[in-house]
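Residue numbers (the numbering used here), protein chains in the order written: chain B, 8 to 451; chain G, 36 to 320.
Take a look at the structure below.
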């Protein structure tokens, strides 16, 4: 019997069109726009100005606080400007715009693993410093600075590291390909993270719709005795959610409002682990990532290794160009991703995929009245009552919303997916969360 | 048999009398003295409970007025010209004069001037669209046109016009309660003094982007060129963050700025039509 989480969940169609296509490096674009806020927390402070020459890997934005992250140039060239650029949110935020000239890397970055040192010889502090310097953030989508996650608060005892290779979003295959092509590197990265956290055990959670990834990782794990296990999981969305994954693997429930560390677990995404591996063994900052470009109407769906700051349009061109009947371009997966206002929006550290949806599938169906079927309640993986949260939101009942645990919502979209009346539940709940969040903040 | 009936009647009467005495004593002991003037004042208020005065409903305002025993800073914006003097008469106070105000929509980006570059089909509310997406037009400051303001209005004084996609205020119905301004997530609606003969001049734009961006997003945008501020003889116009703002307390309604604005972002309302041809700067009343 395969493990999975118990509360709620749905089974959207898989649609992993690009799981067979190997990761291909994307040609350099003519110009990149590197947002200074690609993470949760304080935006980085720009270190360059118009006219400066930069190399690949050069620091262009410095972390401005504990919950913040460094931002590096992903290309070599000349800084055109530091200006506000429209990002995934649709609003303009500060970014460094660089015109690409050649591909000259900063000298400190190795292009290969450093062979002069046993990997076990890195100390905890060295690992943490390297992660901090490389500007690594959670690459599963939440983009929380990894350095912060590796510094558990005083009094907490991490005992288990979970590597999130679930990739439960339909269509996305970036993590899947990474596990197949870089299984050895991922194990080394995992060892680094285990050392940084001081834990003896790690589990890699992979859903069993990726048997090749499970086999590959299994093979790598059994070759060495590293304290790392592979845990195949029964397919169910949203298993990639931190709290759902912890419950699936360990059976432990993270209490409402608490962090996973409260049950002794830390979760990191496969993409993050690979970035950690590169940061420590090659001094390579987080300047590129694997992005799945997919969609049923695309000519060549695939997985591309692309520099941060590359316009989404370049990725779509590489996959065969934007089809004429396109209705929506989504950054991320179909469940949690965000429709883009334009294809000039750039890839950031948290962009896991670009999904093109044809016009006839893009439109939402007309919302009707709630029929009290409670399907949304049954599928909610956090045990919330989405229909209630929506109604309370319509009447702006902030205190009742807080009591109904609206802040526990992980915005997985299962309620939206399952609602037979096509009610836009998650739209309203997201607004509720921001309203309640403001009230909680103002209380402090 | 008849005994039982008699006992029942007697015992019930006895319980009734004892309870009545207890209730009377308790009511006397715990009586709450309330100023009868609160009820009088409340009766004079419109009873719309719109919250325009900043208090929780009409009762809240009545309590606040009686408690403060002054009308300083307390007034019902909705009640028209008679309400506050009537309340003042009841309390034996002096009613201050109140300048009538009206809600003004500061966005001129109708469908013609501001093209729609996206399609939004999520929850039909400006608040949601503003929080999650940038809206359907290229202007991240302008009206979203989903009518949160109209839903917030208790007086049916504002509604979104189908043809332009912009809200229009019915001046005779607007009581300046501020509900629409609070409901607008983009802060487009502002309360301004109604002005002499309800004539007003205002900048019908809130775009704070640089001129080139603002102009690209909307043909009726304020580009912050500062021409109006230079032309104003009364120092009523300030340009801040690429956006001009006309202080209605200083404006003398000379309308020089209206003709000098290159994009037609400054609007005049309720003026008699001018002899000068205005169509070339794209102004409509």
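Where a beta carbon is used, it is the ideal one built from N, C-alpha and C, also for glycine.
If you're wondering where the values come from, they're calculated on a predicted model, not measured in any experiment.
Along the segment 159-183 of chain G, going in chain order, the ones with a CB nearer than 7 Å to a CB of chain B are 162, 163, 166, 167, 168, 169, 175.
Under the Cβ criterion (8 Å, minimum of three pairs), the segment 237-255 of chain B counts as touching the segment 9-17 of chain B. Taking a beta-carbon distance threshold of 8 Å, residue 351/B does not count as an interface residue toward chain G. For the segment 266-313 of chain G, the continuous alpha helix (DSSP H) assignments of 4+ residues that do not extend past its boundaries occur at 291-295, in sequence order. Secondary structure note for residue 140/B: its alpha helix (DSSP H) is the uninterrupted segment 131-140. Straight across, the Cα-Cα distance linking residue 72/B with residue 51/B is about 8 Å.
Within the segment 426-438 of chain B, 431, 434, 435, 437, 438 place their CB atoms closer than 7 Å to a CB of chain G, listed in sequence order. When the alpha-carbon of residue 303/B is set against those of 335/B, 431/B, 440/B, the nearest one is in 335/B.
Put simply, the segment 331-347 of chain B does not touch the segment 25-43 of chain B. Fewer than three CB pairs are less than 8 Å apart. Under DSSP, residue 301/B takes part in a beta bridge, and its partners are 362/B.
Around the CB of residue 160/B, fewer than 16 other CB atoms lie within 10 Å, so the residue is classed as exposed. With the criterion set as a beta carbon lying under 9 Å from some beta carbon of chain G, the segment 244-263 of chain B has no members that meet it.
Pairing residue 295/G with residue 269/G, the inter-Cα distance amounts to about 15 Å. Here residue 20/B has 177 as same chain residues with Cβ atoms under 7 Å from its own Cβ, once five neighbours each way along the sequence are excluded.
One finds 348 in chain B with Cβ atoms closer than 7 Å to the Cβ of residue 153/G, taken in chain order.
Annotation for residue 313/B: the continuous beta strand (DSSP E) segment containing it runs 309-314.
Within chain B, not a single residue places a beta-carbon under 8 Å from that of residue 276/G; the smallest gap is close to 13 Å. The segment 191-201 of chain B and the segment 221-233 of chain B touch, with three or more beta-carbon pairs separated by less than 8 Å. Not a single C-beta of chain G is nearer than 8 Å to the C-beta of residue 102/B.
Bounds of the alpha helix (DSSP H) holding residue 192/B are 190-204. For residue 239/B, the number of other beta carbons within 10 angstroms of its own is at least 16, and it is reported as buried.
Contact note: residue 156/G reaches chain B through 370, 371, using a C-beta cutoff of 7 Å and chain order.
DSSP places residue 237/G within a strand segment (E or B) once states are collapsed to three. Just so you know, the alpha carbons of residue 205/B and residue 154/B end up roughly 14 Å apart. Your pair residue 184/G and residue 219/G checks out as a contact, with CB atoms roughly 5 Å apart and the cut at 8 Å. Counting only the Cα atoms, residue 98/B lies some 20 Å from residue 68/B. Contact of residue 99/B with chain G is assigned, a C-beta pair being separated by under 8 Å. In the pairwise beta carbon analysis, the segment 359-375 of chain B is classified as not touching the segment 386-400 of chain B: fewer than three pairs are separated by under 8 Å. For the pair residue 354/B and residue 315/B, the CB atoms are nearer than the 8 Å cut-off. Annotation for residue 69/B: the continuous beta strand (DSSP E) segment containing it runs 66-69.
By the Cβ neighbour-count rule, residue 186/B is buried, with 16 or more other Cβ atoms within 10 Å of its own. Per DSSP, residue 167/B is one residue of the beta strand (DSSP E) stretching across 167-171. Taking a contact to require three or more Cβ pairs closer than 8 Å, the segment 244-253 of chain G and the segment 171-178 of chain G qualify as touching.
Its Cα nearest to that of residue 414/B, the residue 440/B stands out among 440/B, 407/B, 332/B, 338/B.
Residue 374/B and residue 155/G have their C-alpha atoms some 14 Å from each other.
Among the residues facing chain G, residue 441/B is included, as its CB has a counterpart in that chain under 8 Å away.
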